[in-house]
Each structure stands twice: as structure tokens, then as C-alpha cells.
Amino acid sequence: MIYPNSFSLSQLLKFVVISITGLSLNLLSNNSLHAAVKTKDAVLGKNLIVNGNGKQGTCDPVGNAVGSDIPDIPAWKTTGSFSVLCYGASGFEFVNNFGTSVRVSGLPDANSPGPENRGKNLFFGGADRASSSASQLINLTDLASIIDQGKGGYDLGAWLGGYDTDLDNVLLSLDFLNQDGLSLGKKSIISPTPEERNNITGLLFKSTQGILPVGSRQVNVGLNMNYVRGRVNDAYADKLSFVVTKVPEPSMNPGFLLGGVVLTILKLRQKRRLLE
Ligand SMILES: [Ca+2]
Ligand SMILES: [Ca+2]
Numbered sequence: 012m013i014y015p016n017s018f019s020l021s022q023l024l025k026f027v028v029i030s031i032t033g034l035s036l037n038l039l040s041n042n043s044l045h046a047a048v049k050t051k052d053a054v055l056g057k058n059l060i061v062n063g064n065g066k067q068g069t070c071d072p073v074g075n076a077v078g079s080d081i082p083d084i085p086a087w088k089t090t091g092s093f094s095v096l097c098y099g100a101s102g103f104e105f106v107n108n109f110g111t112s113v114r115v116s117g118l119p120d121a122n123s124p125g126p127e128n129r130g131k132n133l134f135f136g137g138a139d140r141a142s143s144s145a146s147q148l149i150n151l152t153d154l155a156s157i158i159d160q161g162k163g164g165y166d167l168g169a170w171l172g173g174y175d176t177d178l179d180n181v182l183l184s185l186d187f188l189n190q191d192g193l194s195l196g197k198k199s200i201i202s203p204t205p206e207e208r209n210n211i212t213g214l215l216f217k218s219t220q221g222i223l224p225v226g227s228r229q230v231n232v233g234l235n236m237n238y239v240r241g242r243v244n245d246a247y248a249d250k251l252s253f254v255v256t257k258v259p260e261p262s263m264n265p266g267f268l269l270g271g272v273v274l275t276i277l278k279l280r281q282k283r284r285l286l287e
């Protein structure tokens, strides 16, 4: 016996199952993407880092805050004793391993090398002899069509620095993630060495530019404060900025085209001369 409808029925059933499964997978991945993102929607030409200057919240006026004494730092997920320091923090005294009282002083203030309009606060590695970090996830979904044409240009900039001759340092990194949260590439900038700062406590401007990898849907911004020595982690950062712009079309100005035509004619003449 032949059942003319049995094949089409099973095919239809398979189609329905695939459709429903596919749909639910899509819903799941969209939900998980949206659940992970709490930052503002991405727009061109604006700084997409939230609270990149540390001003949303209070600051540590001394420089010794650890644990629950560390000020709240809106928009950032932190590890260790990552903190926000007040410019001009007073510093503090401590007793070292030899029983001697030593003072932490000369922390960055309003007159240290650093950004204009620096506000009251800066990010600080923290009052521990340990490294620390902060990160935030930026949602790029709204810019997907530009990014997937390979036209999502980005500019990462920040004021990064350190203390006197101290080697504690900062790494500010971008990790470009696809729809599934998989890394498509990384880019980073690092704080100046003590020599680059002339062994002066302060912050210098560092930046890097590039094109967002096609398929980027989120970028994880990481601020790693690397401890090397001393009583505290003197890695400093302020005024972090990550801006996406649409890169322009290739230049097609008349002069450029004319130049190309002239060059082609000259080459053809040269070729003809060689053949003659
Ligand atoms: Ca600031
Ligand atoms: Ca230190």
C-alpha cells in the first residue's frame, strides 16, 4: 500500500518541531542577551561607558578603604579592593614590618598631571597589597547593521597613571563578543611607565582606534589594576571613553579620480614605448 500523505505529514511535523525549537532557541538567546545588559543603548558618536569618570557615587577621602568601606561604584562590577579615590585624598599612617610608622602621602590631587575637568573622583587600585579590577558590558545590538558592514569604527581613550616611581599599573581592555558571548577579538591600552610619567604621580592620556569585528554585539570593558609593590595598589584611571562612529565611504573626489586616469594614461604610454 502507498500512503501518499504520510511523507508530507511527517515532513510537516518535522518542520513544525524545527520551527518551534528554533523559535524557542531564538527567544532564549535574545532573553539571555538582554538579561546580561543593563547599560544604555548604543548610539553613534557618544561615550558608551557608563560612569567612566567615577563621578556617580562618593569617593574615599583617605585612601585606606577596604571591604564595606569602599564607596559604591555604579555601573561597574568589581573585584578585590578596586575603589574610587578623591583627588587630594589625605593618605594615612601605618606600621611596617620593622615596627616603624610610615605615612602614605602625595596621592593624586587637583594639580597632578591629569585630565582637565577631572571632577572629584578617580578610579584607584585600592588599599590592599593586591591586584583588583572592574568591568562593564556594553550592548552594541542597536549598531549591528553598521558593525556587520565593517563600518563600526571605535575610539578607546582614558587617563591612566600611577604613583611616583611605583610600578603598579593599569590595563584597560575591550573584549568584542558575538551574539553567543564568544570573543571575536581584544584591544587594550596600558598606563604609562614611571619613566614616561617622569616619576611624577599623575595620569596621562592613552588611546587606541580600530574597527569593530563583524558580528560584534557586546563589548566587555575591563579595567585591570595590577599591583606590583608598596602598601597600596597605586593604579589610577579616569575619564574612560569608548565611542563608536560610522567610518566614511572610500573617497571618490574628482581630483582623486583624475589622478587615477592620468596615472593610467602615463603607464599605457610607457608600456607602448617599451613595445615600440
Ligand atoms: Ca573623575
Ligand atoms: Ca603601590
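The working numbering numbers the first residue of the sequence shown as 12 and each following residue consecutively. Don't be surprised by glycine CBs; every beta carbon is placed ideally from N, CA and C. Values in this document were obtained by computation on a predicted structure and should not be read as measured data.
For Asp191, write down the residues that DSSP places opposite it in a beta bridge. Indexing the sequence shown from 1 puts residue 191 at position 180. Asp191 pairs with nothing; no bridge assigned.
Top-ranked residue by Cα proximity to Thr152, from Phe134, Gly172, Gln190 and Thr176: For the purposes of this step, residue 152 is identified with residue 141 of the sequence shown, where counting begins at 1. When only C-alpha atoms are compared, the closest one is Gln190.
Pull up the distance between the alpha-carbon of Asn122 and that of Ser101, whole angstroms please. On the sequence shown, residue 122 is found 111 positions in, with the first residue counted as 1. On the sequence shown, residue 101 is found 90 positions in, with the first residue counted as 1. Looking at the two C-alpha atoms, the distance is approximately 14 Å.
Should Asn150 go down as buried or exposed, given a rule of 16 or more other Cβ atoms within 10 Å for buried? Numbered from 1 along the sequence shown, position 139 holds the residue referred to as residue 150. Burial call: buried.
Starting from the N-terminal end, write out each residue whose C-beta falls within a distance shorter than 7 Å of any non-hydrogen atom of ligand 2. Tyr174, Asp177, Asp179, Tyr238, Val239, Arg240, Gly241, Arg242, Val243, Asn244 and Asp245
Same chain, Cβ closer than 7 Å to Phe103, five either side skipped, listed in chain order: The count along the sequence shown starts at 1 and reaches residue 103 at position 92. Cβ neighbours of Phe103 beyond the five flanking positions: Val73, Gly74, Asn75 and Val115.
Assigned secondary structure, Gly161 (DSSP; H/G/I helix, E/B strand, else coil): Stepping through the sequence shown from its first residue, residue 161 is reached at position 150. In the structure shown, Gly161 adopts coil according to DSSP, grouped into three states.
Out of Gly226, Val113 and Thr219, which one is the CA nearest neighbour of Tyr165? Along the sequence shown, read from residue 1 onward, the residue named residue 165 stands at position 154. That would be Thr219, whose Cα lies nearest to the Cα of Tyr165.
Assess contact between the region 201-210 and the region 222-230, defined as three or more Cβ pairs (one per stretch) separated by less than 8 Å. Is contact present? no
Beta-bridge partners of Phe105, as assigned by DSSP: Residue mapping note: residue 105 aligns to position 94 of the sequence shown, counting from 1. Looking at the DSSP assignment, Phe105 forms a beta bridge with Val113.
For Lys88, which beta-bridge partners are listed by DSSP? Start at 1 with the first residue of the sequence shown, and residue 88 comes out as number 77. DSSP, once it has assigned bridges, lists Ser146 as partnering Lys88.
Using a Cβ-Cβ cutoff of less than 6 Å, which residues in the same chain neighbour Asn237 once the five nearest sequence positions on both sides are dropped? Start at 1 with the first residue of the sequence shown, and residue 237 comes out as number 226. Result list for Asn237: Ser142 and Asn180, in chain order.
Got a sec: does ligand 1 put a non-hydrogen atom nearer than 7 Å to the Cβ of Asn62? Numbered from 1 along the sequence shown, position 51 holds the residue referred to as residue 62. Asn62 Cβ: outside cutoff for every heavy atom of ligand 1.
Could you pull out every residue in the same chain whose Cβ sits closer than 8 Å to the Cβ of Thr32, ignoring the five residues on either side in sequence? Taking the sequence shown and counting its residues from 1, one reaches residue 32 at position 21. Note that Thr32 scores 40 on pLDDT, short of 50, meaning its location in the model is unreliable and no value can be drawn from it.
Shorter than 7 Å, the distance from the beta carbon of Leu96 to the closest heavy atom of ligand 1, or not? Here residue 96 refers to the residue found at position 85 of the sequence shown. No, since every heavy atom of ligand 1 falls outside the 7 Å radius drawn around the Cβ of Leu96.
Give a single yes or no on whether Asp249 has its beta carbon closer than 7 Å to a heavy atom of ligand 1. Here residue 249 corresponds to residue number 238 of the sequence shown, with the count starting at 1. Answer for Asp249: yes, Cβ within range of ligand 1.
Which whole-angstrom value describes the C-beta separation of Val77 and Phe134, a residue pair presumed to lie in contact below a C-beta threshold of 8 Å? Residue numbering aside, residue 77 sits at position 66 when the sequence shown is read from its first letter. Residue numbering aside, residue 134 sits at position 123 when the sequence shown is read from its first letter. Incorrect: roughly 16 Å between the Cβ atoms, too far for contact.
Can you tell which of Val61, Gly56, Leu55 and Lys57 has its C-alpha closest to the C-alpha of Asp249? The residue you call residue 249 lines up with position 238 of the sequence shown. The residue with the shortest Cα to Cα distance from Asp249 is Val61.
Reference Thr256; option with closest CA among Leu223, Asn235 and Asn107: Looking up residue 256 in the sequence shown gives position 245. Nearest of Leu223, Asn235 and Asn107 to Thr256, Cα basis: Leu223.
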